[in-house]
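Residue numbers (the working numbering): 98 to 513.
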Ligand SMILES: *Cc1c(COP(=O)(O)O)cnc(C)c1O
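If you want it as structure tokens, here you go:
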């Protein structure tokens, strides 16, 4: 049950932000057309949904799925595998596949996402990191929440083999990058050093706009199948898409040098991966509509939100500055209560592998940890931002967000 105040705000928001919601429906339609056109061009057929086992040489479903991803993303080649355990694994596979001792990696979007810090090994050392293999690293801090375009030329040296560009905000309050931003950044990098590899961490960015980074100057990108492109149906996995030679290098790291992308059983997952990719434009739009609703509601309640309800979107994440640990925990409890799975549980902060601070997560998802499903999380550190993402249906997102607001309201009027 939600208070009268919250129910009234809900109705007002659905009317007031109608143009924003309609815009998302239009993007979803355009991206659905893009996927349908690619499915026709690739001649996807139900023979591609068959089960394969063992080495799975000539797994036609796996090959077709990779052709489809490449087509939709405007890339020469793709690897789409359930053998990737997560987005971090796919991203790390690109780094280890392409970088060699003495090469330098430069992050152009400041400190990378928490789990990438152990992979790189400079901020958060870990055995087996790139640092241990003699890969050099530098980063360009963001300036006023944006990529510092004027100083890109100063951080790219003859040793800089690759730049990493993180599209989504991760656990920070900066704005995500738009496709136009990515086009400008990659153009500047290639102007300074034409053979520098522009690598985009595309997690949470797929289908948010009608073009992807590989259609805007990126040489290679990677992401997670339990985020946008899996459409909520992919049981696990990750993808890499980009220039043929670069994807090939990554494939030798995924399997083994010499084997590359020619092995890897898709088992019985293919139908789910095709069907999820078909649904992905719609599901991504549902999730963003939920994010806009959350921004609108918490903005009306007096909280700082990023993005604002009317801002353009570059990822599916909504950050809300809650201001106290108590509210962060209450918020996550409210989301959990309106989840389809484990709705009886109360989330607690824990030391999650790969993350520096304690994290609290609310996720009652069908696929464990799937953040395209409605979920919320945040590190237990000031100013106690909660990051909200996903939602297979807009209706569910609305109910969960009202639940979170109600849980905070129930803490008492000492709040705010
Ligand atoms: C989710 C995410 C990753 C990868 O995280 P996994 O949990 O390993 O899938 C990397 N970068 C960003 C920006 C992300 O949002």
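Here a beta-carbon is modelled for each residue, glycine too, at the ideal position from N, C-alpha and C.
Residue state for residue 223 is assigned as coil, using DSSP reduced to three classes. Residue ranges of uninterrupted beta strand (DSSP E) with 3 or more members, entirely inside the region 232-299 and ordered along the chain, are 233-236, 257-263, 294-298.
Residue 211 carries a helical assignment under DSSP once its states are collapsed to helix, strand and coil. Considering only 477, 419, 215, the residue with the shortest C-alpha distance to residue 504 is 419. Separation of residue 458 and residue 172 (C-alpha to C-alpha, rounded to the nearest whole angstrom) is 34 angstroms. Assignment of residue 485 by DSSP, reduced to helix, strand and coil, places it in the strand class. Between ligand 1 and residue 208, a heavy atom-to-CB distance of less than 7 angstroms is absent. Within its own chain, the residues whose Cβ lies closer than 8 angstroms to the Cβ of residue 209, once the five positions on either side in sequence are excluded, are 217, 236, 261, 263, 267, 298, listed in chain order. Distance from the C-beta of residue 324 to the nearest heavy atom of ligand 1 is below 7 angstroms. Excluding residues up to 5 positions away in sequence, 118, 121, 491 lie with their Cβ nearer than 6 angstroms to the Cβ of residue 386 in the same chain.
In this structure, residue 313 keeps its C-beta atom at 8 angstroms or more from the C-beta atom of residue 337. DSSP places residue 162 inside the alpha helix (DSSP H), whose first and last residues are 157-169. Taking a cut-off of 8 angstroms for Cβ pairs, the region 348-362 and the region 172-184 touch, as three or more such pairs fall below it. For residue 115, the enclosing alpha helix (DSSP H) stretches over residues 115-138. Where residue 336 is concerned, the enclosing beta strand (DSSP E) starts and stops at 335-339. Within 7 angstroms of the C-beta of residue 223 there is not a single heavy atom belonging to ligand 1. Not one heavy atom of ligand 1 sits closer than 7 angstroms to the Cβ of residue 274.
In this structure, residue 339 lies away from residue 358, with their beta-carbon atoms at least 8 angstroms apart.
Per DSSP, the unbroken beta strand (DSSP E) holding residue 178 starts and ends at 174-178. A Cβ-Cβ contact shorter than 8 angstroms links residue 406 with residue 389. If you draw a straight line from the Cα of residue 161 to the Cα of residue 424, it is about 47 angstroms long. If only complete runs of 4 or more residues are kept, the region 400-459 shows the alpha helix (DSSP H) at 422-434, in order along the chain. With a threshold of 7 angstroms, the Cβ atom of residue 318 does not count as near ligand 1, since no heavy atom of the ligand is closer than that.
Here residue 244 really is in contact with residue 206; their C-beta atoms are around 6 angstroms apart, less than 8 angstroms. Placement of the Cβ of residue 152 at a distance of 7 angstroms or more from every heavy atom of ligand 1 is found. When secondary structure is reduced to three states using DSSP, residue 199 falls in the coil class, being assigned neither helix nor strand. At the C-beta level, residue 200 and residue 290 stay beyond 8 angstroms of one another. Under a 10 Å Cβ-count criterion, residue 147 is classified as exposed, with fewer than 16 other Cβ atoms of the shown protein chains found around its own Cβ. In the displayed model, residue 373 falls within a helix according to three-state DSSP.
Taken from the Cβ of residue 184, at least one heavy atom of ligand 1 lies inside 7 angstroms.
Annotated three-state conformation of residue 310 is helix, per DSSP. Your pair residue 489 and residue 383 checks out as a contact, with CB atoms roughly 6 angstroms apart and the cut at 8 angstroms. With respect to the 8 angstroms criterion, residue 431 and residue 444 are not classified as neighbours on the basis of their beta carbons. In this structure, the alpha-carbon of residue 188 lies about 44 angstroms from that of residue 102. The beta carbons of residue 438 and residue 461 sit closer together than 8 angstroms.
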